[in-house]
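Visitor: Please see the structure below; I have some questions.
What follows is the structure, given as structure tokens:
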């Protein structure tokens, strides 16, 4: 079955530590996205990529980094510069013109600072 | 911010009743989409309405779009307990490279 897989489901980060969230899709989608969701709130865009080896900052990119070396993979690193990283992180993908067909989302990673 | 606004923020109804939630947005759009999110899960695409459409149906879902008022509504008819979830609108603004999601409506359907 085609889909988008996020791992791990739960992640704990110590102060000053970098952590990487994985996002893999086998839908042959060109575009991939990372969103952050805080409790009771909507989704805010962190980064997005429309093609391999290219990505763009979203509304809240500070303290985060991404790479897009393969079409299938779009990992997100939460760096120590992100002062309030506790949140639910969602990865999504779409065809290049897929905003006209909707996004496919992963099941999310819940990150907690300990 | 281009983030849309939804109301109500929370809605509680009895099973079998209809649920209506609204979304307002900021500027001209190519299309507007509705998504559902169960607690602690990812979002699932429900329905898309294009800017030149006024109404669209899918099963128990009915979506309307009023571009003059920059608003949309999602109606869920004959609600079921399994419809309990958060519902988000997402706008594909003209000239943008990604969708902008609203703040969501938390729907609770009481059996």
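Protein chains in written order, with our numbering: chain A, 1 to 114; chain B, 1001 to 1111.
Think of the CB as a built atom: it goes at the ideal place given N, C-alpha and C, for glycine as much as any other residue.
With contact counted as at least three CB pairs below 8 Å, one residue from each stretch, are the region 1013-1030 of chain B and the region 1081-1097 of chain B in contact?
Guide: Touching, per the Cβ criterion.
Visitor: Kindly indicate if chain B contains any beta-carbon less than 7 Å away from that of residue 10 (chain A).
Guide: Cβ-Cβ to chain B under 7 Å: no for residue 10 (chain A).
Visitor: Excluding the five sequence neighbours on either side, which residues of its own chain have a C-beta within less than 7 Å of the C-beta of residue 1065 (chain B), listed in chain order?
Guide: 1032, 1049, 1053, 1054, 1072, listed in sequence order.
Visitor: Just the Cα atoms here: how many angstroms apart are residue 1009 (chain B) and residue 1104 (chain B)?
Guide: Each residue's alpha carbon lies about 7 Å from the other.
Visitor: Could you tell me which residues DSSP pairs with residue 111 (chain A) in its beta bridges?
Guide: In the DSSP output, where bridge partners are listed per residue, residue 111 (chain A) has A:11, A:87.
Visitor: Please list, in chain order, the chain B residues whose beta carbon lies closer than 7 Å to that of residue 17 (chain A).
Guide: Ordered by position in chain B, no residue passes the 7 Å Cβ test against residue 17 (chain A), which lies about 24 Å from the chain.
Visitor: Under the rule that 16 or more other beta-carbon atoms within 10 Å means buried, what is residue 1016 (chain B), buried or exposed?
Guide: Exposed, by the Cβ-count rule.
Visitor: What did DSSP end up calling residue 1066 (chain B) once you bin it into helix, strand or coil?
Guide: Here residue 1066 (chain B) sits in strand by DSSP.
Visitor: Can you tell me whether residue 101 (chain A) is buried or exposed, with buried defined as 16 or more other CB within 10 angstroms of its CB?
Guide: Result: exposed.
Visitor: Under 8 Å Cβ to Cβ from residue 18 (chain A), same chain only, skipping five residues before and after it: list those, please.
Guide: So the qualifying residues of the chain are 77, 78, 79, 80.
Visitor: Taking residue 45 (chain A) and residue 59 (chain A) to be in contact with their CB atoms under 8 Å, please state how far apart those CB atoms are, rounded to whole angstroms.
Guide: That pair is a contact at about 5 Å.
Visitor: Tell me whether the beta-carbon of residue 1157 (chain B) lies closer than 7 Å to the beta-carbon of residue 1025 (chain B).
Guide: There is simply no residue 1157 (chain B) to check, as chain B begins at 1001 and stops at 1111 in what is shown.
Visitor: What are the boundary residues of the beta strand (DSSP E) that residue 1092 (chain B) is part of?
Guide: Counting along the chain, the beta strand (DSSP E) containing residue 1092 (chain B) begins and ends at 1085-1093.
Visitor: Three or more C-beta pairs closer than 8 Å, one from the region 35-43 of chain A and one from the region 5-21 of chain A: is that the case here?
Guide: In short, these stretches do not touch, since the Cβ pair count stays below three.
Visitor: Against chain B, with Cβ distances strictly below 7 Å, would residue 105 (chain A) count as a contact?
Guide: Taking Cβ atoms only, chain B reaches closer than 7 Å to residue 105 (chain A), which makes this a yes.
Visitor: Any C-beta of chain A within less than 7 Å: which residues of the region 1045-1065 of chain B qualify?
Guide: Per Cβ criterion, the list reads 1045, 1048.
Visitor: Whose CA, out of A:13, A:42, A:12, A:95, lies closest to the CA of residue 51 (chain A)?
Guide: Comparing Cα positions, the closest option is A:95.
Visitor: Using a threshold of 7 Å, state whether the C-beta atoms of residue 6 (chain A) and residue 72 (chain A) are closer than that.
Guide: No. Outside cutoff.
Visitor: Between residue 1043 (chain B) and chain A, is there a C-beta pair that is closer than 7 Å?
Guide: Residue 1043 (chain B) counts as touching chain A.
Visitor: Verify the CB distance criterion: does residue 1098 (chain B) have a CB-CB separation below 7 Å to chain A?
Guide: It does: the Cβ of residue 1098 (chain B) has a partner Cβ on chain A nearer than 7 Å.
Visitor: Applying the 10 Å Cβ sphere with the 16-neighbour rule, what's the burial state of residue 1110 (chain B)?
Guide: Classification of residue 1110 (chain B): exposed, given that the 10 Å Cβ count is below 16.
Visitor: Could you tell me which of B:1056, B:1040, B:1061, B:1074 sits nearest to residue 1007 (chain B), measuring between CA atoms?
Guide: Of the listed residues, the one whose Cα sits closest to residue 1007 (chain B) is B:1074.
Visitor: Using the three-state DSSP reduction, which class does residue 31 (chain A) fall into: helix, strand or coil?
Guide: Residue 31 (chain A): strand per DSSP, three-state reduction.
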